[in-house]
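**Student:** Residue numbers (the working numbering): 162 to 381.
Cβ atoms here follow ideal geometry from the backbone N, Cα and C, with glycine treated the same way.
Have a look at this one before I ask anything.
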Ligand SMILES: Cc1cc2nc3c(=O)[nH]c(=O)nc-3n(C[C@H](O)[C@H](O)[C@H](O)COP(=O)(O)O)c2cc1C
């Protein structure tokens, strides 16, 4: 880690840093991150749930989401194994009212323990994939594994196609081009460190600029 040529900035050479340092800097600065509460099933049908905040959506044609799973030698992640074995999973989105239950499901329980039972969470069957969705979550995305890439020996990138979704009635209307009441959902995001989260209640708006209006405004 060296001083940057640019005053007021500290420079980091990620190619010369430990994996832990890289992780800490990235995970503390690329924030807030949405949380995928992933439900998957093992070969025996045991249902597993765990949160993953290396998560986002990456397009609509086809509808794509991705997850970053970091299995450790002493802690191989059930979610990774289940998705690779079964080829499907459900991403439930995390709101403030389910945040504590979500947190409980990241407990380091043995593979034969269902975190959903532990957290007392009700599930409902999906339409197109095997694992169920979490009823308490207002949005559930049914996903099929499209690609997986080992980006490092302990780093798996899962790319999924969203094949169906469930939106709770109170946050969506019946229109042909449905409007979602995003503010009412009360999503939370993951911040720095192991236990820091953000609410999505402090919002502001900005109009997207148009070149023609920008140019016209500059003329006078
Ligand atoms: C909010 C939150 C976000 C997390 N995000 C990730 C992540 O993106 N990648 C990861 O490998 N682990 C992540 N974890 C840790 C896993 O949830 C944890 O290791 C869990 O026990 C894995 O469960 P599984 O073995 O059932 O998949 C996160 C934990 C929390 C609480």
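Report the option in 344, 297, 249, 288 whose CA atom is closest to the CA atom of residue 258.
**Tutor:** Stepping through the chain shown from its first residue, residue 258 is reached at position 97. Of the listed residues, the one whose Cα sits closest to residue 258 is 297.
**Student:** What are the boundary residues of the alpha helix (DSSP H) that includes residue 306?
**Tutor:** For the purposes of this step, residue 306 is taken as residue 145 along the chain shown, with counting starting at 1. Unbroken run through residue 306 is the beta strand (DSSP E), 300–313; no alpha helix (DSSP H).
**Student:** Pull up the distance between the alpha-carbon of residue 162 and that of residue 173, whole angstroms please.
**Tutor:** As a first step, residue 162 must be located in the chain shown, where it is residue number 1. As a first step, residue 173 must be located in the chain shown, where it is residue number 12. Residue confidence for residue 162 is low, a pLDDT of 48 falling below 50, so the modelled location carries little weight; the figure read from the coordinates is stated next. Taken atom to atom, the span from the alpha-carbon of residue 162 to that of residue 173 is near 5 Å.
**Student:** Got a sec? Which residues, its chain only, sit under 8 Å from residue 265 by beta carbon, not counting five neighbours each side?
**Tutor:** Translated into the one-based positions of the chain shown, residue 265 becomes position 104. Closer than 8 Å at the Cβ level, and outside the excluded window around residue 265, lie 276, 279, 280.
**Student:** Taking just the CA atoms, how far does residue 240 sit from residue 187?
**Tutor:** Position 26 of the chain shown holds residue 187. Position 79 of the chain shown holds residue 240. It is roughly 22 Å from the alpha-carbon of residue 187 to the alpha-carbon of residue 240.
**Student:** Quick check on this structure: which residue in 246, 242, 283, 272 has the alpha carbon closest to the alpha carbon of residue 262?
**Tutor:** The residue given as residue 262 occupies position 101 in the chain shown. If we check each option's Cα against that of residue 262, 283 comes out closest.
**Student:** Buried or exposed: which applies to residue 238, given that a residue is buried once 16 or more other Cβ atoms fall within 10 Å of its Cβ?
**Tutor:** Locating residue 238 in the chain shown gives position 77, where the first residue counts as 1. Classification for residue 238: buried.
**Student:** Given residue 294, which residues of its chain have a CB within under 7 Å of its CB, disregarding the five upstream and five downstream residues?
**Tutor:** As a position in the chain shown, residue 294 is number 133, starting the count at 1. If we look at residue 294 and ignore the five residues flanking it on each side, its Cβ neighbours are 200, 251, 253, 284, 285, 287, 301, 327.
**Student:** I need the boundaries of the beta strand (DSSP E) containing residue 179, first residue and last residue.
**Tutor:** Here the question's residue 179 lines up with position 18 in the chain shown. Run containing residue 179: none; DSSP gives neither H nor E here.
**Student:** Quick one: measure Cβ to Cβ for residue 228 and residue 197, integer angstroms, because I've assumed they're closer than 8 Å.
**Tutor:** The residue labelled residue 228 in the question sits at position 67 within the chain shown. The residue labelled residue 197 in the question sits at position 36 within the chain shown. With a Cβ gap of about 6 Å, residue 228 and residue 197 count as contacting.
**Student:** Can you give the Cα-Cα distance for residue 321 and residue 376, rounded to whole angstroms?
**Tutor:** Indexing the chain shown from 1 puts residue 321 at position 160. Indexing the chain shown from 1 puts residue 376 at position 215. When rounded, the distance between both Cα atoms is 42 Å.
**Student:** Which residues neighbour ligand 1 when neighbourhood means a C-beta less than 6 Å away from any of its non-hydrogen atoms? List them by chain order.
**Tutor:** Qualifying residues, in the order they occur: 196, 209, 211, 212, 213, 214, 215, 229, 230, 231, 238, 239, 240, 264, 267, 269, 351.
**Student:** Just tell me which of 347, 255, 372 has its CA closest to the CA of residue 364.
**Tutor:** Position 203 of the chain shown, counted from the first residue, corresponds to residue 364. Checking every option, the nearest Cα to that of residue 364 belongs to 347.
**Student:** Suppose the cutoff is 7 Å on Cβ atoms and the five residues either side in sequence are ignored; what does the same chain contact list for residue 329 look like?
**Tutor:** Residue 329 sits at position 168 when you count from the first residue of the chain shown. Closer than 7 Å at Cβ, skipping near neighbours: 299.
**Student:** Tell me, which residues are paired with residue 251 by DSSP?
**Tutor:** One-based indexing of the chain shown puts residue 251 at position 90. In the DSSP output, where bridge partners are listed per residue, residue 251 has 200, 303.
**Student:** Out of 218, 212, 202, 333, which one is the CA nearest neighbour of residue 242?
**Tutor:** As a first step, residue 242 is located in the chain shown; it is residue number 81 there, counting from the start. Per the Cα distances, 202.
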